[in-house]
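Residue numbers (the working numbering): 37 to 452.
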């Protein structure tokens, strides 16, 4: 599509709207599975802290394949890769309620499903972040990324509450069917998109896969701001993985919250995430992308520590959890949207898949380690102490932002 024919407003951009609508529906389904899958392990299979760590690691272990997937994303049609990934996730998730109905569900099966879902999610995420720049102009990337996270934030408000209600009504394995159906909607929306990916048709002749991987790593590491953002993300991912591995165990076992109350906490705090997505573009315009990332990391670290200190009566528990989650959710868009937009703007189109993959390899490869650490520390030190350790890790990442080149990035570069 010629730049002159691309509408200035993304709300009038038919291809972007198809992508956005499909992903919004899919994200709503994923919000259900994000709660239903671990609760299936906890409530039905009585999973231990160690087993939850293994399940979390299985979901993130495919990040080790990122470098190879990045080459494929730069070699192949990205829209087709998106369709294949969503179709595979549809089939895998549909199998869980069937296996449960047959009475054959075991924690090992959830490990396997988690691993395969992780592989397809990796392929999808690398493809979609590389596909968006072929749909919109460079000037629209910040707006496009913001709109995507705005819908995610809205889902964070209604999704967990709906998930809690569905799990209570249908049981966790049956609720996962909703997510499977949502992937079908995503596939349909992708099939309706007509984007030639013209700038991707002029790729260099294929060479050694190792040489192409090396080009992606070099492009990421040779650019100071991209390198520093990657290091920040690695530090943050380690701490976040520790927290997420044991968070549900903490609120269900230590704080004695029901599935509905957990959904209520996550839904209410999601309002702050939506607020962040609405404010991030204006904040970037006033402060610049770097200081905005610093602000986001500060809020997430503070929120993580508040969550770790939650206790007392039920009203106080709910208030602190909602407050901590709100601070965390408010910070995420300030942290993530400028990072993604900077990477998309600064990376040539033919390298975008490999640069995204190199970054994801480094960031997501640390998540299985964090999951295992979270499970082990949760068993040996207690869930609250482990959550506090994860919060302190996020503060360490905050210091890295302050002293790195990120804080000095006051505007987007004029050319990639």
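We put the beta carbon where it would ideally sit given N, CA and C, even for glycine.
Please classify residue i as buried or exposed, where buried requires at least 16 other C-beta atoms within 10 Å of its C-beta.
i           : result
residue 317 : buried
residue 50  : exposed
residue 52  : buried
residue 246 : exposed
residue 238 : Residue confidence for residue 238 is low, a pLDDT of 47 falling below 50, so the modelled location carries little weight; the figure read from the coordinates is stated next. The residue in question, residue 238, is exposed, as its Cβ has fewer than 16 Cβ neighbours within 10 Å.
residue 86  : exposed
residue 404 : buried
residue 47  : exposed
residue 251 : buried
residue 228 : exposed
residue 321 : exposed
residue 92  : buried
residue 411 : buried
residue 351 : exposed
residue 327 : buried
residue 54  : buried
residue 148 : exposed
residue 444 : exposed
residue 348 : exposed
residue 115 : buried
residue 258 : exposed
residue 364 : buried
residue 183 : buried
residue 421 : exposed
Identify the continuous alpha helix (DSSP H) that holds residue i and give its terminal residues.
i           : result
residue 445 : Element bounds for residue 445: n/a, residue is neither H nor E.
residue 133 : 114-137
residue 322 : 295-323
residue 436 : 419-439
residue 275 : 260-285
residue 144 : 143-171
residue 60  : 50-75
residue 251 : 245-257
residue 381 : 350-382
residue 83  : It is not in any alpha helix (DSSP H) - residue 83 carries neither H nor E in the DSSP assignment.
residue 209 : 208-227
residue 106 : 102-111
residue 388 : 388-400
Rounding to the nearest angstrom, what Cα-Cα distance links residue i and residue j in this structure?
i           : j           : result
residue 150 : residue 95  : 5 Å
residue 236 : residue 248 : Confidence at residue 236 is low in this model, with a pLDDT of 47, below 50, so the placement of that residue should be treated as unreliable; the coordinate-derived value is given next. Residue 236 and residue 248: Cα-Cα distance of roughly 15 Å.
residue 329 : residue 137 : 46 Å
residue 144 : residue 438 : 43 Å
residue 125 : residue 153 : 6 Å
residue 88  : residue 45  : 44 Å
residue 56  : residue 200 : 25 Å
residue 104 : residue 354 : 44 Å
residue 298 : residue 288 : 8 Å
residue 193 : residue 334 : 22 Å
residue 307 : residue 159 : 29 Å
residue 339 : residue 277 : 15 Å
residue 260 : residue 284 : 37 Å
residue 131 : residue 59  : 22 Å
residue 332 : residue 375 : 11 Å
residue 313 : residue 101 : 30 Å
residue 346 : residue 356 : 6 Å
residue 176 : residue 169 : 9 Å
residue 222 : residue 128 : 15 Å
residue 255 : residue 397 : 14 Å
residue 359 : residue 342 : 8 Å
residue 302 : residue 186 : 16 Å
residue 66  : residue 157 : 11 Å
residue 337 : residue 220 : 36 Å
residue 213 : residue 418 : 34 Å
residue 414 : residue 388 : 38 Å
residue 391 : residue 106 : 7 Å
residue 280 : residue 368 : 15 Å
residue 140 : residue 74  : 17 Å
residue 379 : residue 84  : 39 Å
Could you tell me if the beta carbon of residue i falls within a distance shorter than 8 Å of some heavy atom in the ligand ZN?
i           : result
residue 377 : Ligands displayed in this structure: none; no statement on the ligand ZN is therefore possible.
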